[in-house]
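Q: First to last, the protein sequences are chains A and B. If you read the first sequence in this note's numbering, its first letter stands for residue 1, the second for the next number, and so on. If you read the second sequence in this note's numbering, its first letter stands for residue 1, the second for the next number, and so on. We treat Cβ as the ideally placed atom computed from N, Cα and C, and that holds for glycine. Pasting a structure below so you can have a look.
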Amino acid sequence: MGARAPAAQTTGTIDVGVSSVRYDGFLPSAAASVSPALQWERPAGILTARGTYLRFESGHRSLQALVAGSFLIRPAEHRWRGELGGSLGASRYLDFASFWHATADARLLRLGADRGIWIGGTAGRTSYGRAARPVTGAGIGAWMQRSQVMVGGSATRSFVGDTAYSDVVATAHTRRGSLAIDASLGARFASRGGGRGVFGEASATIAVGERTVLFLAGGRYPTDPVSGSVAGRYVSGGVRLRLARPARLTTRTAMPSASRQGTPADGDPVVGVRLEVLPRPDGLVRLVLYVASMSAAGVELAGDFTDWQPLKLRRSAEGMWETVLAIPSGVHRLNVRIDGGGWIVPAGLTRAADDFGDEVGIMTVP
Amino acid sequence: MTARWSGPAFGLVAAMLVAGSAAAQRLDPRLERLDSSARPIVAALVDSARAAALPTEPLVQRALEGATKRAPAERIVAAVRRLALDLGHARDALGPTASPTELGAAAAALRAGAPPATLTELRRIRRESLTVPLAVLTDLVGSGVPVDSAAAAVLSLAAKARDADLVEFRRAVERDIALGAPPASATATAAAVAAAAVQVNAGARQQRPGRP
């Protein structure tokens with residue numbers, strides 16, 4: 001293996017959702033939210049900027065912004081690592097409730113192959129429309145991975161001005177294919193001005209495309225005196241959209257196109273055309289192509305399992321085209337075209353440069 | 001069989017091969033679809049690959065792909081020649097016992113940028129077929145995962161994981177990338193041995209969506 005360090009990668013997302021929320025001491029309310037986020041990451045560090053615009057059914061608005069970063073200060077080959085982080089955030093509700101906070105964190109981590117522990121501390125300042133108050137805290141935590149489930153736990157003690165509280169939290173994360181589930185359960189105790197009691201949240205996300213994830217979440221979270229969020233219960237649902245496709249490292253220098261003739265889906269084949277590869281128990285493979293354009297009159301597929309002879313797909317439903325073929329196990333190349341247009345790569349396949357100035361889809365049949 | 005074929009000498013060698021072997025090897029009828037200027041050179045490349053005990057079907061398919069896409073003859077020839085070289089490099093990396101499907105997958109991985117040493121290491125640590133691990137490696141790189149990260153993740157899993165586990169791992173990476181994780185991070189996180197990745201830098205990682 002080479003020693004080349006991977007370059008930094010930047011991704012952007014935007015969450016759009018609706019919620020039903022009941023903050024402690026307030027009436028229930030529906031709300032709509034938009035949350036853009038930008039994340040820059042290298043193997044040793046990460047920087048995130050995100051904002052949230054929340055509009056309640058009363059017409060009132062809430063704005064939140066956060067910039068947070070964290071960087072490792074020992075190289076990856078050591079099991080013990082130091083980590084320095086910082087968080088700068090602000091929020092505003094109506095014209096009267098404004099928070100800001102600035103905190104720094106230091107943690108010491110011991111990393112194992114499938115488990116680890118950490119101990120750390122936090123210091124900073126926070127303000128609620130008046131003189132800033134000091135923030136200090138200390139915590140300890142551990143995590144462990146077993147098969148498809150990762151569980152973790154942490155205990156923290158925090159001081160925000162005259163407010164003090166302790167939290168213990170257990171978390172679990174699992175995923176299966178495109179579905180992931182997260183859950184947490186915690187308790188606040190030994191509290192002076194920070195509230196107390198049990199809290200817990202759960203969320204599920206499911207990827208429905210290369211850029212789209214649906215989410216459903218709910219639960220109860222405690223007051224956060226640092227960021228100014230008030231304890232509440234909620235149920236939320238929405239969609240997270242990834243704004244840009246990361247650079248595809250297989251793409252070669254652009255060359256003149258050999259086959260491009262232009263189709264409605266051309267230019268961004270990910271949008272509007274998606275292929276699903278479904279191996280059947282009888283050894284055959286069912287290929288289902290979803291085409292957003294309802295006006296498509298004919299869809300063809302060609303690949304190394306058809307000797308690159310165009311094969312017309314059967315229209316099985318509105319916007320759904322399919323065929324069943326005997327495709328041997330292995331890695332295969334294929335393209336599709338709509339109404340005799342240019343050969344394109346549908347979403348659902350890995351795209352690679354095809355040696356002919358276009359792109360080809362890569363499909364693996366186990 | 002590699003360096004000798006590159007450069008202008010290739011055309012001469014190919015022409016000689018055409019003359020010498022045309023009678024001995026019947027032309028694959030599928031190659032009739034090629035332009036008359038590409039057909040004899042591709043046929044010669046196929047014959048030479050056969051003589052070198054390399055799989056020939058991928059070469060025929062690459063030529064047919066070019067024909068279907070109406071690529072110019074010289075580009076089809078160049079693509080077939082490049083694939084023949086990749087197949088040779090793949091066999092060098094995987095050894096003489098590699099199956100044709102493994103060689104095809106390895107050639108794609110090399111073309112995506114995987115180092116030959118990674119292929120050799122995969123052969124060393126995995127008893128089962130390498131076809132799916134190599135396909136997953138190629139897929140990851142095609143999804144934007146840096147080659148080093150993809151190779152490290154596949155190598156960490158390949159010794160014990162079944163093909164189905166590797167396909168599941170690939171889906172998990174795809175899902176996290178869709179969720180907004182940078183591809184390198186998504187790959188490290190999805191590899192079971194790198195579970196710590198979601199705990200390190202936890203304060204700055206992107207939140208799970210949902211809380212208002």
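Taking the alpha-carbon positions, what's the residue 62 of chain A to residue 91 of chain A distance?
A: Rounded to the nearest angstrom, the two C-alpha atoms are 7 Å apart.
Q: Using a beta-carbon distance below 9 Å, is residue 11 of chain A in contact with chain B?
A: Yes, because at least one Cβ of chain B sits closer than 9 Å to the Cβ of residue 11 of chain A.
Q: Can you give me, in chain order, the residues of the segment 172-184 of chain B that have a beta carbon less than 9 Å from any beta carbon in chain A?
A: Listed in sequence order: 172, 174, 175, 176, 177, 178, 179, 180, 181, 182, 183 and 184.
Q: Tell me, please, whether the segment 151-159 of chain B touches the segment 118-136 of chain B by the rule of three or more beta-carbon pairs shorter than 8 Å.
A: Flag = yes, the segment 151-159 of chain B and the segment 118-136 of chain B touch.
Q: Counting only C-beta atoms, is residue 37 of chain B closer than 9 Å to chain A at any point?
A: It does not; no Cβ of chain A falls within 9 Å.
Q: Would you decide whether residue 101 of chain A is buried or exposed? Buried here means 16 or more other CB atoms lie within 10 Å of its CB.
A: Burial call: buried.
Q: For residue 185 of chain B, which three-state DSSP category applies?
A: Note: residue 185 of chain B maps to helix in three-state DSSP.
Q: Among A:150, A:298 and A:83, whose alpha-carbon lies nearest the alpha-carbon of residue 316 of chain A?
A: Minimum Cα distance to residue 316 of chain A is reached at A:298.
Q: So the candidates are B:176, B:78 and B:86; which of them puts its Cα closest to the Cα of residue 144 of chain B?
A: The shortest C-alpha separation from residue 144 of chain B is found at B:176.
Q: Helix, strand or coil, according to DSSP, for residue 326 of chain A in the structure here?
A: It is coil, neither helix nor strand.
Q: Beta-carbon of residue 364 of chain A versus every beta-carbon of chain B: anything under 9 Å?
A: Chain B contact via Cβ: present.
Q: Just to confirm, are residue 134 of chain A and residue 167 of chain B a CB contact at a threshold of 9 Å?
A: Contact flag unset, no.
Q: Which of the residues in the segment 74-87 of chain B, read from start to end, lie with their CB under 7 Å from any CB of chain A?
A: Listed by position, the residues of the segment 74-87 of chain B near chain A (Cβ gap below 7 Å) are 75, 79 and 82.
Q: Check the C-beta distance from residue 200 of chain A over to residue 186 of chain A and give it rounded, since I have them as a contact under 8 Å.
A: So it is a contact: roughly 7 Å between Cβ atoms.
Q: Examine chain A for any beta-carbon lying closer than 9 Å to the beta-carbon of residue 159 of chain B, and answer yes or no.
A: Closer than 9 Å: no.
Q: Specify the secondary structure class of residue 48 of chain B as computed by DSSP and reduced to three states.
A: Of the three classes helix, strand and coil, the one that applies to residue 48 of chain B here is helix, per DSSP.
Q: Counting contacts by CB-CB distance shorter than 9 Å, is residue 209 of chain A in contact with chain B?
A: Taking Cβ atoms only, chain B reaches closer than 9 Å to residue 209 of chain A, which makes this a yes.
Q: Short of 6 Å in beta carbon distance, which residues of its chain neighbour residue 173 of chain A, apart from the five on each side in sequence? Order them along the chain.
A: Once the five neighbours on either side are set aside, the close Cβ partners of residue 173 of chain A are 150 and 182.
Q: Which residues in the same chain have their Cβ closer than 7 Å to the Cβ of residue 243 of chain A, if we skip the five residues on either side of it in sequence?
A: Taken in chain order, the residues that qualify are 12, 13 and 14.
Q: Using 10 angstroms around the beta-carbon of residue 147 of chain A, count the other beta-carbons present and answer buried if the total reaches 16, otherwise exposed.
A: Counting Cβ neighbours within 10 Å, residue 147 of chain A comes out exposed, since fewer than 16 surround it.
Q: Looking at chain B, is there any beta carbon in it that lies within less than 9 Å of the beta carbon of residue 248 of chain A?
A: The predicted position of residue 248 of chain A is uncertain, since its pLDDT is 38 and thus under 50; no value can be drawn from it.
Q: Residue 163 of chain B touches chain A at which residues, Cβ-Cβ below 7 Å?
A: Those within 7 Å of residue 163 of chain B in chain A are 366.
Q: Have a look at residue 125 of chain B and residue 41 of chain A and give me their C-alpha separation to the nearest angstrom.
A: About 31 Å.
Q: Quick check: the Cα distance between residue 38 of chain A and residue 143 of chain A, rounded to an integer number of angstroms?
A: Each residue's Cα considered, the two are about 27 Å apart.
Q: If we count the other Cβ atoms within 10 Å of its Cβ and call it buried at 16 or more, is residue 106 of chain B buried or exposed?
A: Buried: at least 16 other Cβ atoms inside 10 Å.
Q: Would residue 351 of chain A be called buried (16 or more neighbouring beta carbons within 10 Å of its own) or exposed?
A: Answer is buried; the Cβ neighbour count reaches 16.
Q: Is the Cβ-Cβ distance between residue 325 of chain A and residue 284 of chain A less than 9 Å?
A: Yes, the Cβ-Cβ distance between residue 325 of chain A and residue 284 of chain A is below 9 Å.
Q: With DSSP as the reference, label residue 304 of chain A as helix, strand or coil.
A: Residue 304 of chain A falls in the coil class under three-state DSSP.
Q: Between the Cα of residue 300 of chain B and those of B:148, B:54 and B:101, spot the shortest distance and give me the residue it belongs to.
A: With chain B covering only 1 through 212, there is no way to say anything about residue 300 of chain B.
Q: Excluding the 5 residues preceding and the 5 following residue 304 of chain A in the sequence, name in chain order all residues of the same chain whose CB lies nearer than 8 Å to its CB.
A: Only 332, 333 and 334 meet the Cβ criterion.
Q: Using C-beta distances below 6 Å, list every residue in its chain close to residue 20 of chain A, excluding the 5 sequence neighbours before and after it, in chain order.
A: Result list for residue 20 of chain A: 30 and 235, in chain order.
Q: So which residues of chain A does residue 56 of chain B contact, with C-beta pairs closer than 7 Å?
A: Going along chain A, no residue has its Cβ under 7 Å from residue 56 of chain B, so there is no contact; the nearest lies around 13 Å.
Q: Applying the criterion that 16 or more other CB atoms from any shown protein chain within 10 Å of the CB defines a buried residue, is residue 309 of chain A buried or exposed?
A: By the neighbour-count rule (16 or more Cβ atoms within 10 Å), residue 309 of chain A is not buried but exposed.
Q: Please state whether DSSP places residue 169 of chain B in a helix, a strand or coil.
A: Residue state, collapsed to three classes: helix.
Q: Measuring only the C-alpha atoms, how far is residue 53 of chain B from residue 85 of chain B?
A: Near 13 Å, if we compare the C-alpha coordinates of residue 85 of chain B and residue 53 of chain B.
Q: Please list the partners that residue 124 of chain B has in chain A, where partner means a Cβ-to-Cβ separation under 9 Å.
A: The contacting residues do not exist; residue 124 of chain B stays about 13 Å from chain A at best.
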